[in-house]
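So for the sequence shown, my numbering puts the first residue at 2; every next one is plus one. Beta carbons are placed, not taken as given, at the ideal position from N, Cα and C, and that holds for glycine. This one's a predicted model, so the numbers in the text were calculated from it and none came from an experiment.
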Amino acid sequence: MISVKKRLVFLDSCILMLPAEKKLNLGQIESLPFSSKVVIPEIVIKELQNLVENGKPSVQNKARLALAIAQKFEIIPSRTEGHTDDELVRLAKEYDGIVATTDVNLRKRLHKEGLLYVTLVGKKGLKLVGEI
């Protein structure tokens, strides 16, 4: 039997807002063979809070739901107040982790950096992209 290294999975705001649009259970990420623990960087929480306060009404509702979902996972401190994507890339590199995202630009950046990511496939499926 082949052993798969367990890794931290970092959730971004896009994937956290997805359950507001699709019937996606983010808890399924924890049951994927490579996942040891799902965490959310504090900077992602701040980004969601900003969307609740300053976003369009439809985005505010998605961000509120995302914040409620986020409470089910561990929130970890962020080292930077800069751009959320920069922090997610830094964390993935530092911890040899995986980023869960549906953001096209972030996925391109992760791919270019040779980092793993989980993204939505179809209506409810999640797929790991990259080489383990």
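Member of the options whose CA lies at the smallest distance from the CA of residue i
i, options, result
"GLN29", "HIS112, VAL53 and PHE74", "PHE74"
"LEU92", "GLN72, LEU116, ASN106 and VAL105", "LEU116"
"VAL122", "THR103, ALA21 and VAL90", "THR103"
"VAL39", "LEU107, VAL105 and ILE77", "ILE77"
According to DSSP, residues forming a beta bridge with residue i
i, result
"GLY126", "VAL122"
"ALA101", "LEU12 and VAL119"
"GLU75", "VAL40"
Same chain only: Cβ atoms within 7 angstroms of residue i, ignoring 5 sequence neighbours per side
i, result
"GLN61", "LEU52 and VAL53"
Beta-carbon proximity check, residue i vs residue j, cutoff 8 angstroms
i, j, result
"ALA67", "MET18", "yes"
"VAL119", "LEU111", "no"
"ILE46", "THR81", "no"
"ILE16", "ALA101", "yes"
"LYS23", "LYS124", "yes"
Supposed close pair residue i, residue j - CB separation, criterion 8 angstroms
i, j, result
"LEU27", "GLY98", "Actually they are not in contact, since the Cβ atoms of LEU27 and GLY98 sit about 16 angstroms apart, beyond 8 angstroms."
"LEU89", "PHE11", "6 angstroms"
Same chain only: Cβ atoms within 8 angstroms of residue i, ignoring 5 sequence neighbours per side
i, result
"ALA64", "SER14, MET18, LEU49, GLN50, LEU52, VAL53 and GLY56"
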